[in-house]
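Trainee:
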């Protein structure tokens, strides 16, 4: 399964990446599982770890950790929004 | 005691007066008493009678019937306002 | 803080700009513009063709200034502006402008709505609608009293 | 009904006029303008010197359109307009415009405040303040979550 992952704002700066394309193991099928998978890279990626205030979107809709992730999805992680 | 009385909107049209200057009997010292005094003229002036929806101001502040009326005051009677 | 009662139209963009001009502490400007609607008349196919606004010169300005002052006591405001027109107005034309500047949006929204609700029940304006059957005074709405009543302090 | 996400400034007067242009059924236009404040920074005498707004192109427009559509389902609206800027902005400059046209003021005010509250918590924008000590991301405010929570339907 191949997906695109985007990072924004402080998370983008911390990770040093604005986006990446990933081939995921078959057992990673939710946003929460993807996030844990990324955090397990260690180092700066712990910014995605449990307890960090990170929001997610799949295909440009904000979602919770239980949301499914499918092939070719666009998944984004970012801090709570501060527009307006 | 001499006062000026103003009438506005539908009340002005009904009465046929926009204003008048009145010399009041000494026993008329409140807005409510003045209103009854005017209504007792009969005819179109019954538009100021009890039960009619009329508001009052003394010296350009909206007041209730208990408000005092003093020499040289400007008293106004009008229907409920409909601006905005 | 300023109030105008006038026959002339107003420029909403210029009024909004003036509320934050030359300062850097305004984070929020909430505004309201009221316009003449061509409402259908009950019991006929006709619509309102124009509206004439009468007011009580002197008291109008005093009432609007008092409403503005009360809003300034209730909320943190950096500027307020009230403009109300009188005279003959056509459907689509502007009647009233209320603009409120504040550091924060909550105060700006609340104060703007408060001013409109109080204006509707306390400022001495009266509307008369021109219809094909002649002039007809607009009745006060109980909903406006209820809206103003929401702001009563316990 | 229209949404713009842009670097360019906007003309509030023209946007307000467009919300009732050519129609005679709009009685109320409620608007909000958000601006950059030169807030004092905690623990220093310095102030915010500029702000850079980052956003998520594509999702931003989608989120704003969804908020606008939800407002249109909750209230009787005749037009809505949302403009949100991104890029570098200075204190006093405009960030966001929300305008809502309705027959009646109650719906216009409620929908305008609803859109702002939802925009603050659901639209993917992030602010970074320029300070003499460098860039600093703005933290989300719990008060904004609480404001958006008010509109939850039971």
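Chains as they are written, first to last, in the working numbering: chain A, 3 to 86; chain B, 3 to 86; chain C, 1130 to 1283; chain D, 1130 to 1283.
Using N, Cα and C, we set each Cβ at its ideal position, and we do this for glycine too.
(1) Once the 5 residues before and after residue 1244 of chain D are set aside, which same chain residues still bring their CB inside 6 Å of it?
(2) Return no unless some Cβ of chain A is closer than 7 Å to the Cβ of residue 1204 of chain D.
(3) Check whether the segment 50-65 of chain B touches the segment 1181-1194 of chain C, taking contact to mean three or more Cβ pairs, one atom from each stretch, closer than 8 Å.
(4) According to DSSP, what are the bridge partners of residue 1254 of chain D?
(5) Distance cutoff 7 Å, beta carbons only. Does residue 1142 of chain D sit that close to anything in chain C?
(6) In this structure, how does DSSP classify residue 1206 of chain C when only helix, strand and coil are distinguished?
(7) Between the C-alpha atoms of residue 79 of chain A and residue 25 of chain A, what's the straight-line distance to the nearest angstrom?
(8) Could you pull the start and end residues of the beta strand (DSSP E) that residue 76 of chain A belongs to?
(9) For the segment 1201-1209 of chain D against the segment 1144-1159 of chain D, are there 3 or more C-beta pairs whose distance is under 8 Å?
(10) List the residues of chain D that residue 80 of chain A touches, going by C-beta distances under 8 Å, in chain order.
(11) Going by alpha carbons, who is nearest to residue 1229 of chain D out of C:1159, C:1258, C:1268 and C:1262?
(12) Kindly list, in the order they appear in chain A, the residues whose Cβ is closer than 7 Å to that of residue 1250 of chain D.
(13) Distance, Cα to Cα, residue 1192 of chain C vs residue 13 of chain B?
(14) Just checking my contact of residue 1218 of chain D with residue 1179 of chain D at CB under 8 Å: how many whole Å lie between their CB atoms?
(15) At what residues does the beta strand (DSSP E) containing residue 84 of chain A begin and finish?
(16) Which chain C residues sit within Cβ distance under 8 Å of residue 1164 of chain D?
(17) For a contact defined as C-beta to C-beta under 7 Å, what are the partners of residue 1130 of chain D on chain A?
(18) Quick one: which residues of the segment 1225-1248 of chain C get their C-beta closer than 7 Å to a C-beta of chain B? List them in chain order.
(19) So residue 1169 of chain D contacts chain A; which residues on that side make the cut at Cβ distance below 8 Å?
(20) Apart from the five residues on each side of it in sequence, which residues of its chain come closer than 6 Å, Cβ to Cβ, to residue 6 of chain B?
(21) Do we get a CB-CB distance below 7 Å when we pair residue 1139 of chain D with the residues of chain C?
(22) Buried or exposed: where does residue 1144 of chain C fall if 16 or more other Cβ atoms within 10 Å of its Cβ makes it buried?
(23) List the residues of chain C whose Cβ lies closer than 9 Å to the Cβ of residue 12 of chain B, in chain order.
(24) May I ask which residues mark the beginning and end of the beta strand (DSSP E) holding residue 1264 of chain D?
(25) Please report whether the beta-carbon of residue 51 of chain A lies at a distance below 7 Å from any beta-carbon of chain D.
(26) Here's a check: name, in chain order, each residue in its chain whose Cβ is nearer than 7 Å to the Cβ of residue 1256 of chain C, leaving out the five neighbours to either side.
(27) Touch check for the segment 25-45 of chain A and the segment 62-72 of chain A: three-plus C-beta pairs under 8 Å?
(28) Relative to the alpha-carbon of residue 1264 of chain C, which residue among C:1222, C:1170 and C:1162 has its alpha-carbon at the smallest distance?
(29) State the Cα-Cα distance for the pair residue 17 of chain A and residue 1190 of chain C, rounded to the nearest angstrom.
(30) Please compile the residues from chain D whose C-beta is within a distance smaller than 7 Å of the C-beta of residue 1261 of chain C.
(31) Taking only beta-carbon atoms, is residue 1276 of chain D less than 7 Å away from chain A?
(32) By DSSP's criteria, residue 22 of chain A is part of a beta bridge. Which residues make up the other side?
(33) Hey, could you find the ends of the alpha helix (DSSP H) residue 30 of chain A is sitting in?
(34) In terms of residues, what are the limits of the beta strand (DSSP E) holding residue 1231 of chain C?
(35) For residue 1269 of chain D and chain A, any beta-carbon pair shorter than 7 Å?
(36) Identify the continuous alpha helix (DSSP H) that holds residue 1219 of chain C and give its terminal residues.
Mentor: Concretely, from the data shown:
(1) In the fourth chain, residue 1244 of chain D corresponds to position 115, counting from 1. Counting only Cβ-Cβ distances below 6 Å, and skipping sequence neighbours, we find 1196, 1200 and 1227.
(2) For this step, residue 1204 of chain D is matched to residue 75 along the fourth chain. For residue 1204 of chain D, no Cβ of chain A is located within less than 7 Å of the residue's own Cβ.
(3) Touching, yes, given that three or more Cβ pairs across the two stretches are closer than 8 Å.
(4) For the purposes of this step, residue 1254 of chain D is identified with residue 125 of the fourth chain, where counting begins at 1. Beta-bridge pairing links residue 1254 of chain D to D:1184.
(5) The count along the fourth chain starts at 1 and reaches residue 1142 of chain D at position 13. Yes - at least one Cβ of chain C is within 7 Å of the one on residue 1142 of chain D.
(6) Residue 1206 of chain C sits at position 77 when you count from the first residue of the third chain. Coil, per DSSP.
(7) Along the first chain, read from residue 1 onward, the residue named residue 79 of chain A stands at position 77. Along the first chain, read from residue 1 onward, the residue named residue 25 of chain A stands at position 23. So the two alpha carbons sit approximately 17 Å from each other.
(8) Against the first chain, residue 76 of chain A aligns to sequence position 74. Looking at the DSSP string, the run of the beta strand (DSSP E) that includes residue 76 of chain A is 76-80.
(9) Cβ pair count under 8 Å is three or more, so yes.
(10) Position 78 of the first chain, counted from the first residue, corresponds to residue 80 of chain A. Per Cβ cutoff of 8 Å: 1185, 1253 and 1255.
(11) In the fourth chain, the residue the question calls residue 1229 of chain D occupies position 100. Considering only alpha carbons, the answer is C:1159.
(12) In the fourth chain, counting from the first residue as 1, residue 1250 of chain D sits at position 121. Ordered by position in chain A, the residues that pass the 7 Å Cβ test against residue 1250 of chain D are 83.
(13) The residue given as residue 1192 of chain C occupies position 63 in the third chain. The residue given as residue 13 of chain B occupies position 11 in the second chain. Roughly 20 Å separates the two Cα atoms.
(14) On the fourth chain, residue 1218 of chain D is found 89 positions in, with the first residue counted as 1. On the fourth chain, residue 1179 of chain D is found 50 positions in, with the first residue counted as 1. The Cβ separation is near 7 Å, so the contact holds.
(15) For the purposes of this step, residue 84 of chain A is taken as the residue at position 82 of the first chain. According to the DSSP assignment, residue 84 of chain A belongs to no beta strand (DSSP E), since it is labelled neither H nor E.
(16) On the fourth chain, residue 1164 of chain D is found 35 positions in, with the first residue counted as 1. Those are 1149, 1155, 1156, 1157 and 1158, listed as they occur along chain C.
(17) Taking the fourth chain and counting its residues from 1, the one referred to as residue 1130 of chain D is at position 1. Simply none; closest approach about 19 Å.
(18) 1225, 1245 and 1248
(19) As a position in the fourth chain, residue 1169 of chain D is number 40, starting the count at 1. Going along chain A, no residue has its Cβ under 8 Å from residue 1169 of chain D, so there is no contact; the nearest lies around 18 Å.
(20) Residue 6 of chain B sits at position 4 when you count from the first residue of the second chain. These residues qualify, in order along the chain: 23 and 76.
(21) Numbered from 1 along the fourth chain, position 10 holds the residue referred to as residue 1139 of chain D. Judged by the 7 Å Cβ criterion, residue 1139 of chain D is not in contact with chain C.
(22) Translated into positions along the third chain, residue 1144 of chain C becomes position 15. Classification of residue 1144 of chain C: buried, given that the 10 Å Cβ count is 16 or more.
(23) By 1-based counting over the second chain, the position of residue 12 of chain B is 10. The answer, in chain order, is 1255, 1257 and 1266.
(24) Residue mapping note: residue 1264 of chain D aligns to position 135 of the fourth chain, counting from 1. Per DSSP, residue 1264 of chain D belongs to the beta strand (DSSP E) from 1263-1266.
(25) For this step, residue 51 of chain A is matched to residue 49 along the first chain. Taking 7 Å as the CB threshold, residue 51 of chain A stays off the interface with chain D.
(26) For the purposes of this step, residue 1256 of chain C is identified with residue 127 of the third chain, where counting begins at 1. Around residue 1256 of chain C: 1180, 1182 and 1267.
(27) yes
(28) Along the third chain, one-based indexing puts residue 1264 of chain C at 135. Residue C:1170 is the option with its Cα nearest to residue 1264 of chain C.
(29) In the first chain, the residue the question calls residue 17 of chain A occupies position 15. In the third chain, the residue the question calls residue 1190 of chain C occupies position 61. Between the alpha carbons of residue 17 of chain A and residue 1190 of chain C lies a distance of about 60 Å.
(30) Working through the third chain from its first residue, we reach residue 1261 of chain C at position 132. Ordered by position in chain D, no residue passes the 7 Å Cβ test against residue 1261 of chain C, which lies about 16 Å from the chain.
(31) On the fourth chain, residue 1276 of chain D is found 147 positions in, with the first residue counted as 1. So no, residue 1276 of chain D is outside the interface.
(32) Locating residue 22 of chain A in the first chain gives position 20, where the first residue counts as 1. A:7.
(33) In the first chain, counting from the first residue as 1, residue 30 of chain A sits at position 28. Note, residue 30 of chain A: premise wrong, no alpha helix (DSSP H); not H, not E.
(34) Looking up residue 1231 of chain C in the third chain gives position 102. Looking at the DSSP string, the run of the beta strand (DSSP E) that includes residue 1231 of chain C is 1223-1231.
(35) Numbered from its first residue, the fourth chain carries residue 1269 of chain D at position 140. Yes, its Cβ sits closer than 7 Å to a Cβ of chain A.
(36) Mapped onto the third chain, residue 1219 of chain C falls at position 90. First-last for residue 1219 of chain C: undefined, no H or E at that position.
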